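Numbering (our numbering), first residue to last: 276 to 815.
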């Protein structure tokens, strides 16, 4: 007899079966996870740690880098593993960075030849044949990085240092930023310990020379007031310098909107205060005279005495800013209608512009080529000294800043924040987009340059990779001098950062904000917004 169940009993059995199936699925999930954690992960760890030691990877790679193995050229990209026996060669303006673990890196500079001589669980040995590398090695449980050059063997742990070998002179230079480096010379077996802030020069068959690298530390810098009693309280426009006053004693010229001052390291030579006239641009020293423009005239002063000798009527308006420039034996004046040449023999300005560029920025001269952009048009132009255009093309926007020549490339920027890297021949190699308008470009060294942008930002950018390395905020003016970046901050501070040894510190100005800098005699002179002049430096 068939037994019929009630509807309630059927429902009860249905939910019991569903709960049983759900529990079965959960059990399967736990079992799978247990197998993965107890079997597969240990196997993968064992394989990567003991059987597959390729934790040395290519981190960054710019153009013109050759990688070879057993005489075969390899095509590698960032993220690829590297092996023992690989040989690297960087060309001009190219770099390569190798990474071991997440924190240790070996960065090759341009024109460098290096190889991976050994790669094991205990050590990584790089052979540096020529060029320079920068090693940042953090303490880890993996292999210790060693470096061999033809005349030196180095090893260390948890250290930041540079190694340079010049094959033509057979010299190895080691400069330590942090930590200690142990060095054995080849073949004489001198043992050296080089600490942070020291540099050692090793030559074949000679005793190594250790010297202290000047660290940029706060105690070595001081502030010396030079010009603090100005009768006018106007911001310093800019400086110029020459060697003329009192025999071999050097002098500086500082200009504000309402005065002109000539001074040496410790005293004022002369001062000129015009009546009802404002200066518009930086002063410039030309053939023992000081020239500075007003709205209608170009004034000329005797450099030694400060006596005004002439007033030359302007034939056109001049933009406020840096619009006098001296190249070789010629003085150029940048008017709204173009670039003109000043004729000192006749004390006149040529009637026709050398280069008719509307509202040009301050031109840059390099190997008798003039590079120039415009505040009004989107054009960048290269001309010879006769004014003939060599090449030109349009940028994506108007330019606020002058071009800069860095090594063999041209750097320029636009109001939209586009930064261009251009060859001398006028070919765009790379661009990078910043968020702010580019105000000025400052060349640092063969590795970095700096971009002064809107909103008080200063970008530190790698010259080879064209990548932003660091951003500084609240900056109103900056200069690179004597391997230091000197920044005037909007709150009255001066920040100084070493380019070779990355030491950073600040000085609080006692008067007002910095408006202009000039590097001079191993010191930096600071022009303040209230017309005062200070000197910061290491030598009194």
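The C-beta atom is built at its ideal place from N, Cα and C for all residues, glycine as well. A quick note: this is a predicted structure, and the numbers were derived from the prediction, not measured.
Whether residue i touches residue j by CB criterion (8 Å)
i           : j           : result
residue 699 : residue 683 : yes
residue 411 : residue 365 : no
residue 731 : residue 752 : no
residue 762 : residue 750 : yes
residue 337 : residue 664 : no
residue 779 : residue 769 : no
residue 386 : residue 367 : yes
residue 717 : residue 755 : yes
residue 471 : residue 449 : no
residue 811 : residue 548 : no
residue 713 : residue 733 : no
residue 600 : residue 638 : yes
Cβ shell of residue i (< 8 Å), same chain only, five flanking positions each side left out
i           : result
residue 397 : 418 and 419
residue 520 : In this prediction, residue 520 has a pLDDT of 42, which is less than 50 and means its spatial position is unreliable; nothing more can be read from the coordinates.
residue 653 : 669, 670, 671, 672, 673, 674 and 689
residue 463 : 480
residue 736 : 694, 707, 723, 724, 725, 726, 742, 743 and 744
Neighbourhood of residue i by C-beta, 6 Å cutoff - its chain only, sequence neighbours within 5 removed
i           : result
residue 609 : 598 and 635
residue 372 : 334, 335, 380 and 382
residue 324 : Residue placement at residue 324 is poorly supported in this model, since its pLDDT is 45, which falls under 50; the coordinates still yield a value, given next. None.
residue 775 : 758
residue 437 : 409 and 450
residue 284 : Reliability fails at residue 284, whose pLDDT of 49 lies under 50, so the model's placement of it is uncertain and the value that follows must be treated cautiously. Contacts found: none.
residue 500 : 809
For residue i, the nearest candidate out of the options (CA to CA)
i           : options               : result
residue 404 : 568, 739 and 443      : 443
residue 525 : 605, 538 and 534      : 538
residue 618 : 587, 645 and 783      : 587
residue 439 : 658, 681, 478 and 455 : 478
residue 660 : 649, 667, 644 and 648 : 644
residue 624 : 607, 487 and 744      : 607
residue 393 : 423, 759, 641 and 789 : 423
residue 375 : 358, 591 and 386      : 358
residue 738 : 725, 454 and 386      : 725
residue 546 : 535, 790, 553 and 556 : 535
residue 565 : 529, 553, 533 and 571 : 529
residue 483 : 458, 470 and 556      : 458
residue 743 : 755, 729, 340 and 723 : 723
residue 343 : 551, 421, 388 and 533 : 388
residue 691 : 657, 728 and 677      : 728
residue 793 : 557, 714, 399 and 697 : 557
residue 465 : 455, 428, 676 and 454 : 428
residue 720 : 760, 687, 589 and 559 : 760
residue 354 : 800, 332, 678 and 360 : 332
residue 784 : 799, 767 and 800      : 767
residue 613 : 649, 345 and 687      : 649
residue 611 : 628, 346, 620 and 533 : 628
residue 356 : 346, 347 and 330      : 330
residue 685 : 559, 550, 647 and 662 : 647
residue 630 : 582, 622 and 662      : 662
residue 413 : 378, 430 and 667      : 378
Same chain, Cβ closer than 7 Å to residue i, neighbours up to 5 away in sequence not counted
i           : result
residue 651 : 633, 634 and 673
residue 795 : 516 and 527
residue 426 : 445, 447, 460, 461, 477 and 479
residue 640 : 602
residue 791 : 511, 512, 513, 514, 752 and 802
residue 605 : 616
residue 369 : 337, 338, 339, 340, 385 and 739
Outcome for residue i when other beta-carbon atoms lying within 10 angstroms are tallied against a minimum of 16
i           : result
residue 350 : exposed
residue 435 : buried
residue 390 : buried
residue 802 : buried
residue 474 : buried
residue 702 : exposed
residue 407 : buried
residue 399 : buried
residue 788 : buried
residue 657 : buried
residue 804 : buried
residue 782 : buried
residue 696 : buried
Min CB distance residue i to chain C below 8 Å
i           : result
residue 375 : In the structure shown, chain C cannot be found, because there is only a single protein chain.
Cβ-heavy atom distance, residue i to the ligand COA, below 7 Å
i           : result
residue 467 : In the structure shown, the ligand COA is absent, as is every other ligand, since no ligand is present at all.
- Message: If we require 3 or more residues per run, which beta strand (DSSP E) segments fall completely within the region 633–683?
- Response: 639–641, 644–648, 654–659, 664–669 and 679–681
- What residue ranges within the region 733–765 form continuous beta strand (DSSP E) runs of no fewer than 3 residues, ordered along the chain? The region 733–765 is shown to contain whole beta strand (DSSP E) runs of 3 or more residues at 743–747, 750–756 and 759–764, in chain order.
- Ordered list of beta strand (DSSP E) runs contained in the region 361–411, each at least 3 residues: 362–365, 371–375, 379–383, 388–394 and 398–411
- Task: Starting from the N-terminal side, write out each stretch of the alpha helix (DSSP H) that is 4 residues or longer and does not extend beyond the region 459–489.
- Result: none
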